[in-house]
Amino acid sequence: MGGSPGCGRGRPEGIPPDYLRLYRQAADAYGIPWAVLAGVGKAESDHGRGVATGIRAGANAAGAMGPMQFLGSTWQAYGVDGNGDGRANVYDPADAIPSAARYLKASGAPADLYRAIWRYNHADWYVRRVLEFARKYSSEPVGEEFCSLPVAPSAAAGRVIAYARMQLGKPYAWGAEGARLIRLLGPDDACLSVRRDRDSARGR
């Protein structure tokens, strides 16, 4: 393809601007892909727009609370005061989103995203759903201005990319035996590839 790299304006479809800002800030702070964090937010509460019990007040039947759907015990362990108002409020996205990033980081992200998401909700279908949302968000323009220019990866992203390149030519099958490679954006918008073996989340 010829021509110069193009620039434009926009944001990932369906993510409210305030949530997108919080996802990106939290991802930068904890060194995880913002699109995965957004995928969790989409799966849990449609970025806070869901009407189910527990999103804005109370708890659902499983005991989950807030836009990122924390259990009480998990919130006690990982909840943070993201907006500096003096308290960690599970229903406030400014607190819940960085808390989710902290939990994903403690659970293995970004080195093992599949395992980290599985720990968030112990179901393979849930992990696949989050990663599908993340892949969709990663393919769309981000922020107020975007350009199709290469971005120098961070050291962590560079290691992931180097590992992914080592997998070139190896078996790949979506939903079958073998490895899975999923393209995502890291916290600095460098492209990451996530490899998941079918048995990596078993035996817990």
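Position 70 of the sequence shown, counted from 1, bears residue number 70 in UniProt numbering, the numbering being contiguous throughout. Yeah, the Cβ is synthetic: ideal placement off N, Cα and C, and Gly gets one too.
Task: Three CB pairs or more closer than 8 Å across the stretch 81-97 and the stretch 9-28 - done: At 8 Å Cβ cutoff, the stretches touch.
Task: Element boundaries [alpha helix (DSSP H), containing residue 71] - done: No alpha helix (DSSP H) holds residue 71; DSSP gives it neither H nor E.
TODO: Grab the span of the alpha helix (DSSP H) containing residue 13 for me, first residue to last.
DONE: From DSSP, residue 13 is part of no alpha helix (DSSP H); its letter is neither H nor E.
Task: Residue from 61, 66 and 62 whose Cα sits closest to the Cα of residue 48 - done: Its Cα nearest to that of residue 48, the residue 66 stands out among 61, 66 and 62.
TODO: Using the Cα positions of residue 46 and residue 33, report the straight-line distance between them to the nearest angstrom.
DONE: C-alpha of residue 46 to C-alpha of residue 33: approximately 18 Å in a straight line.
Open item on the list: For residue 54 and residue 63, what's the separation of their Cα atoms in angstroms?
Closed with: Each residue's CA atom was taken as its position, placing residue 54 and residue 63 some 8 Å apart.
TODO: Return the first residue and the last residue of the alpha helix (DSSP H) that residue 93 is part of.
DONE: Run containing residue 93: 93-106, per the alpha helix (DSSP H) assignment.
Task: Own chain, CB closer than 6 Å to residue 44, minus 5 neighbours either side, in chain order - done: If the five residues before and after residue 44 are omitted, its C-beta is found closer than 6 Å to the C-beta atoms of 68 and 69, all from its own chain and listed in chain order.
TODO: Would you identify the three-state DSSP class for residue 49, choosing helix, strand or coil?
DONE: It is coil, neither helix nor strand.
- [ ] Reducing DSSP to helix, strand and coil, say where residue 41 ends up.
- [x] If DSSP states are grouped into helix, strand and coil, residue 41 belongs with the helices.
TODO: Look at residue 107 and residue 79 and say whether their C-beta atoms are less than 9 Å apart.
DONE: Going by C-beta atoms, residue 107 is not nearer than 9 Å to residue 79.
Open item on the list: Closest to residue 89 by C-alpha separation, out of 18, 12, 103 and 56, would be which residue?
Closed with: Nearest to residue 89 by C-alpha distance, out of 18, 12, 103 and 56, is 56.
Open item on the list: With H, G and I counted as helix, E and B as strand and the rest as coil, what does DSSP make of residue 206?
Closed with: Outside the displayed span of the chain (1 to 204) sits residue 206, for which this structure offers no information.
Task: Inter-residue spacing [alpha-carbon to alpha-carbon] between residue 58 and residue 103 - done: C-alpha separation (whole angstroms): 21 Å.
TODO: Please report how far the alpha carbon of residue 77 lies from the alpha carbon of residue 31, in whole angstroms.
DONE: The alpha-carbon atoms of residue 77 and residue 31 are separated by roughly 19 Å.
Task: Three-state class that DSSP yields for residue 81 in the structure shown - done: In the structure shown, residue 81 sits in coil (DSSP, three-state: anything other than H, G, I, E or B).
Task: Residues near residue 142 in its chain [Cβ-Cβ closer than 6 Å; skip 5 each side] - done: Unreliable positioning characterises residue 142 in this predicted model, as indicated by a pLDDT of 47, which lies under 50. A coordinate reading is not provided.
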